[in-house]
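Chemist: Chains as they are written, first to last, in my numbering: chain A, 158 to 451; chain B, 33 to 300; chain C, 9 to 333. Backbone N, C-alpha and C fix where the C-beta goes; we use that ideal spot for every residue, glycine too.
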């Protein structure tokens, strides 16, 4: 393989994982916009997506499409339980406390997962086999094509949802100004619940898509969540195009540094990016600086 | 003179009359709305100046810019001749400008006495080492500071409540406490943001009396106020703001008659 | 320190010093020793959480840095142990300072993520720089500490090293609360803007508290290394950061006695209940959520308040009781 095809290989691999990071980042954005909190459990949604799919498809041998939708629904339910349970009942509404609650929830989910599925690494078969397609000399796995495809569909669907549908517009209203939305008659509580469910669903999709490539286990949630968060910050926290660009960019950066520098420090790349962005340009690529009124 | 009044007496008496604080063309916007638009004024040492204006005129914004809470985006602020633009609030306090807030911002988790002692932070020296070890110099400083804080509380009539939690005293006392805390740093300029807000007529008269007593002891006083009784009662000079700019200034009686000012208040 | 705290502290110290005469099991002494180390970390972290008002998920990194730096300097380089502990505190403090400056400018949840990211990077370094640290298989052969002829090689002897240090740190912390810096810290936690206008350099103070908490974490880590004589990156993982933050939250943010309570409870209880490791992650998550949802001010303050409410209504809470440390 010459240099060009190798680089192209890194690029495709990076775009693949990057798409997943983008999905996770979008999940963060949705909850952030609707509630102002960082949902620390976002990464666990991804982990649960993989785990549930393994249970429905791998153990229970349900047809793949059915298992897919069941998984997405299940994790969406988990998201709703998180909001309806600890978040809603929290005595303190302070953002930091709520963030800490999501941290507790993520630990709890991790522990529960460890008990239910054990500590082993588990995996899923690729959706349509493992024969690679050769594009310009670089091998692209069919799973990658599924990931690209489904991610694009989701992004377009979300875009239309937020732009055109009543529910989507209601969500945007809540994000812009909670009180005004309430006064306009929008059931804010239900919007918040919905955003948690939606983020859960997105996380699940990410988990289902990536597991055939990277395998999964009870503790992948933390790292995935952090990487998704890095991606969201990189692109501009709270912005959907930012989440997508950030995700893809992070995936590619990771892939190139693993290929060109060392795979051992691959994980460190995401956190280094996170720290650098937070320190130097916290508003990310697409964010802007605002003077806050005191 | 009571000992307490002597103690409150700043050495700043000698510079009466000279300009102690000057604003030059201050401008700042928030999300597209211009809160200040080329505001300039001059405050002379020793006077009591009231800044008035309809809601949204920029009065509190001006104070926030002067005290460093908002940045000086356009223009300049000069204190005793030197620019203080770009300084952080704690530095401005250390230089000698202290303030109170429109809505009382006490330290609710501390006692009345501790609030005042905290106000002396910039006049104290001990740091972490002293804090950890409580060696003799630190203990001496603490005793001295506590003593002075009690004297300040006495001046404000709050000494009996020294050990009460700051959030558990009535609002009129809370407002006094906030002024006491500001005075603890021995400022040359005292900025009071609506000191009469939430007070009834009698309490307002007491506040006026307090402010007069304060001025007799040293600091130049600038107050932002809506309460015209208070303004007419104690201000030497009035500056009128409207939509981020100065539209009038002069003695209270003259301002009361000013057409431009009345139009601003009544709206167009 | 006020009189009430002095009494509590004296009583506490006496009980602490007497315990080894009553408890003969080395196992329980070890648990108490670890509890003492955790108290040191938690007190430091709590000063940061309670007064700077921020959450750090990165303190496992400081604990680990204290352990590894002292271990490497003592074992590999051959320096005497006590100076390496001081040196580790200095190095960790410097790193905390450098990281702190940009980090503490961030808003709450960004700060949480940044501390977490930092902690994971440090953990990755522990694993990857295996020439220096021994990598994932750990770093063995760390010497025990000694003062003069006494070597603190057993659980019993180490107890009488670590607990006096722990009590000493408690005394220093109580002193700090009742000082100019202590008031500044309380002001910072109460009302940051008013604190600034009262003359307090709030940005610098936050960093100073952060560095202090890092230094205490480092001290505990170094002591730990010379106690167990073998360390590995697993101990200094994200889960440890969660454990200490849970201890802070249970104890009540900003409360020093609360930190003692939280650290003791969460170190001893799992041992007494013979909690299987498989359940510990689940339980921590559960505890964290329950305490945060129902007792956001902390379990310890919640219990104290519940106890207080049983007293006759004539006792006002206006006086200093509420903020005693």
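Since residue 99 of chain B and residue 124 of chain B are thought to touch, with beta carbons under 8 angstroms apart, how far apart are those beta carbons, to the nearest angstrom?
Modeler: Taking the second chain and counting its residues from 1, the one referred to as residue 99 of chain B is at position 67. Taking the second chain and counting its residues from 1, the one referred to as residue 124 of chain B is at position 92. Right, their Cβ atoms sit about 6 angstroms apart.
Chemist: Who are the near neighbours of residue 395 of chain A in its chain, counting only those whose CB is closer than 7 angstroms to its CB and skipping five residues on each side?
Modeler: Here residue 395 of chain A refers to the residue found at position 238 of the first chain. Only 186, 189 and 190 meet the Cβ criterion.
Chemist: Quick one: what's got a C-beta closer than 7 angstroms to residue 134 of chain B's C-beta in the same chain, skipping five residues either side?
Modeler: Within the second chain, residue 134 of chain B is the residue found at index 102, counting from 1. 92, 225, 226 and 229.
Chemist: Hey, how far is the Cα of residue 131 of chain B from the Cα of residue 192 of chain C?
Modeler: As a first step, residue 131 of chain B is located in the second chain; it is residue number 99 there, counting from the start. As a first step, residue 192 of chain C is located in the third chain; it is residue number 184 there, counting from the start. Answer to the nearest angstrom: the Cα atoms are 17 angstroms apart.
Chemist: Measuring CA to CA, which of C:292, C:265, C:263 and C:264 is closest to residue 277 of chain C?
Modeler: Against the third chain, residue 277 of chain C aligns to sequence position 269. That would be C:292, whose Cα lies nearest to the Cα of residue 277 of chain C.
Chemist: Specify, as a first and last residue, the run of the alpha helix (DSSP H) that residue 67 of chain C falls within.
Modeler: To locate residue 67 of chain C, count along the third chain from 1; it is residue 59. Residue 67 of chain C -> alpha helix (DSSP H) spans 67-79.
Chemist: Assign residue 316 of chain A to one of two classes, buried (16 or more other C-beta atoms within 10 Å of its C-beta) or exposed (fewer than that).
Modeler: Taking the first residue of the first chain as 1, we reach residue 316 of chain A at position 159. It is exposed - the Cβ of residue 316 of chain A has fewer than 16 other Cβ atoms within 10 Å.
Chemist: Starting from residue 250 of chain A and walking both ways along the beta strand (DSSP E), at which residues does that stretch end?
Modeler: Working through the first chain from its first residue, we reach residue 250 of chain A at position 93. From DSSP, residue 250 of chain A is part of no beta strand (DSSP E); its letter is neither H nor E.
Chemist: Could you work out which residue in A:328, A:286 and A:176 is closest to residue 362 of chain A when comparing CA atoms only?
Modeler: Along the first chain, read from residue 1 onward, the residue named residue 362 of chain A stands at position 205. The candidate whose alpha carbon is nearest that of residue 362 of chain A is A:176.
Chemist: Check this for me: beta carbons of residue 388 of chain A and residue 181 of chain A, under 8 angstroms apart or not?
Modeler: Within the first chain, residue 388 of chain A is the residue found at index 231, counting from 1. Within the first chain, residue 181 of chain A is the residue found at index 24, counting from 1. Result yes, Cβ atoms of residue 388 of chain A and residue 181 of chain A sit closer than 8 angstroms.
Chemist: For the structure I just gave you, are there three or more beta carbon pairs, one from the segment 178-189 of chain B and one from the segment 134-152 of chain B, closer than 8 angstroms?
Modeler: Taking 8 angstroms as the limit for Cβ pairs, the verdict is that the segment 134-152 of chain B does touch the segment 178-189 of chain B.
Chemist: Compute the beta-carbon to beta-carbon distance between residue 52 of chain C and residue 220 of chain C, rounded to the nearest angstrom, for a pair I have assumed lies under 8 angstroms.
Modeler: Numbered from its first residue, the third chain carries residue 52 of chain C at position 44. Numbered from its first residue, the third chain carries residue 220 of chain C at position 212. Contact flag correct, Cβ pair sits at about 6 angstroms.
Chemist: List, in order along the chain, the chain A residues whose C-beta lies closer than 8 angstroms to that of residue 117 of chain C?
Modeler: Counting from 1 along the third chain, the entry for residue 117 of chain C is found at position 109. Close partners of residue 117 of chain C in chain A (Cβ separation under 8 angstroms): 194, 195, 252, 253 and 256.
Chemist: Excluding five sequence neighbours on each side, which residues of the same chain lie with their C-beta closer than 7 angstroms to the C-beta of residue 438 of chain A?
Modeler: To locate residue 438 of chain A, count along the first chain from 1; it is residue 281. Setting aside the 5 residues that flank it on each side, residue 438 of chain A has no residue in the same chain whose C-beta is closer than 7 angstroms to its C-beta.
Chemist: If the cut-off is 7 angstroms on Cβ atoms, which residues from the segment 178-195 of chain C count as contacting chain B, listed in chain order?
Modeler: Those would be 180, 183, 184, 187, 188, 189, 190, 191, 192, 194 and 195, in chain order.
Chemist: Kindly indicate which three-state DSSP category residue 108 of chain B falls into: helix, strand or coil?
Modeler: Residue 108 of chain B sits at position 76 when you count from the first residue of the second chain. Three-state DSSP puts residue 108 of chain B in a strand.
Chemist: Would you say residue 271 of chain A reaches chain C, if we count a Cβ-Cβ gap shorter than 8 angstroms as a contact?
Modeler: By one-based count along the first chain, residue 271 of chain A stands at place 114. Yes, because at least one Cβ of chain C sits closer than 8 angstroms to the Cβ of residue 271 of chain A.
Chemist: Do three or more CB pairs link the segment 187-198 of chain B to the segment 208-222 of chain C at distances below 8 angstroms?
Modeler: no
Chemist: Please decide whether residue 406 of chain A counts as near chain C, where near means a Cβ-Cβ distance under 8 angstroms.
Modeler: Walking along the first chain from the start, residue 406 of chain A turns up at place 249. No, because no Cβ of chain C sits closer than 8 angstroms to the Cβ of residue 406 of chain A.
Chemist: Does the segment 233-248 of chain C come within contact of the segment 364-372 of chain A, defined as at least 3 CB pairs closer than 8 angstroms?
Modeler: no
Chemist: With 9 angstroms as the C-beta to C-beta threshold (strictly closer), list the residues of the segment 96-127 of chain B near chain C in chain order.
Modeler: Listed in sequence order: 99, 100, 101, 120, 121, 122, 123, 124, 125 and 126.
Chemist: Just the C-alpha distance for residue 156 of chain C and residue 90 of chain C, rounded to the nearest angstrom, thanks.
Modeler: What you label residue 156 of chain C is simply residue 148 of the third chain in a count that begins at 1. What you label residue 90 of chain C is simply residue 82 of the third chain in a count that begins at 1. Going from the Cα of residue 156 of chain C to the Cα of residue 90 of chain C covers about 12 angstroms.
Chemist: At 8 angstroms on the CB atoms, spell out the chain A contacts of residue 238 of chain C, in chain order.
Modeler: Here the question's residue 238 of chain C lines up with position 230 in the third chain. For a Cβ distance threshold of 8 angstroms, nothing in chain A lies close to residue 238 of chain C: the least Cβ distance comes to about 23 angstroms.
Chemist: Is the beta carbon of residue 141 of chain C sitting closer than 8 angstroms to the one on residue 65 of chain C?
Modeler: Looking up residue 141 of chain C in the third chain gives position 133. Looking up residue 65 of chain C in the third chain gives position 57. No, the Cβ-Cβ distance between residue 141 of chain C and residue 65 of chain C is not below 8 angstroms.
Chemist: Touching or not, the segment 262-273 of chain C and the segment 41-50 of chain C, by the rule of three or more beta carbon pairs under 8 angstroms?
Modeler: Yes, the segment 262-273 of chain C is in contact with the segment 41-50 of chain C.
Chemist: Rounded to the nearest angstrom, how far is the Cβ of residue 52 of chain B from that of residue 221 of chain B, given a contact under 8 angstroms?
Modeler: Looking up residue 52 of chain B in the second chain gives position 20. Looking up residue 221 of chain B in the second chain gives position 189. Contact between residue 52 of chain B and residue 221 of chain B holds, with the beta-carbon distance rounding to 6 angstroms and staying under 8 angstroms.
Chemist: Spatial neighbours of residue 290 of chain A within its chain, please: CB distance less than 6 angstroms, with the 5 preceding and 5 following residues excluded, ordered by chain position.
Modeler: The residue you call residue 290 of chain A lines up with position 133 of the first chain. Excluding positions up to five away in sequence, the list reads 297.
Chemist: On a Cα-Cα basis, can you pick out the residue from B:197, B:154, B:162 and B:158 that is closest to residue 139 of chain B?
Modeler: Translated into positions along the second chain, residue 139 of chain B becomes position 107. Looking at the Cα atoms, B:197 is the closest of the given residues.
Chemist: Could you tell me whether any Cβ in chain C is nearer than 8 angstroms to the Cβ of residue 248 of chain A?
Modeler: Locating residue 248 of chain A in the first chain gives position 91, where the first residue counts as 1. Under the Cβ distance rule, residue 248 of chain A counts among the residues neighbouring chain C, one pair being separated by less than 8 angstroms.
Chemist: Using a beta-carbon distance below 8 angstroms, is residue 190 of chain A in contact with chain C?
Modeler: By 1-based counting over the first chain, the position of residue 190 of chain A is 33. For residue 190 of chain A, the answer is no, since every Cβ of chain C falls outside 8 angstroms of its Cβ.
Chemist: Any beta carbon of chain B sitting closer than 8 angstroms to that of residue 338 of chain C?
Modeler: There is simply no residue 338 of chain C to check, as chain C begins at 9 and stops at 333 in what is shown.
Chemist: Considering just the uninterrupted stretch of the beta strand (DSSP E) at residue 281 of chain B, what are its terminal residues?
Modeler: Locating residue 281 of chain B in the second chain gives position 249, where the first residue counts as 1. First-last of the beta strand (DSSP E) with residue 281 of chain B: 277-282.
Chemist: Under 8 angstroms between beta-carbons, which chain C residues line up against residue 315 of chain A? List them in chain order, please.
Modeler: The residue labelled residue 315 of chain A in the question sits at position 158 within the first chain. Chain C residues near residue 315 of chain A: none, gap ~23 angstroms exceeds 8 angstroms.
Chemist: With 8 angstroms set as the bound, which would you pick, yes or no: does the beta-carbon of residue 163 of chain C sit closer than that to a beta-carbon of chain B?
Modeler: Counting from one through the third chain, the residue named residue 163 of chain C turns up at place 155. Chain B contact via Cβ: absent.
Chemist: Per DSSP, residue 51 of chain B forms a beta bridge with which residues?
Modeler: Taking the first residue of the second chain as position 1, residue 51 of chain B is located at position 19. Looking at the DSSP assignment, residue 51 of chain B forms a beta bridge with B:76.
Chemist: Spatial neighbours of residue 80 of chain B within its chain, please: C-beta separation below 6 angstroms, excluding the five flanking residues on both sides.
Modeler: Sequence index remark: in the second chain, residue 80 of chain B carries index 48 (1-based). Around residue 80 of chain B: 247, 253, 266, 267 and 268.
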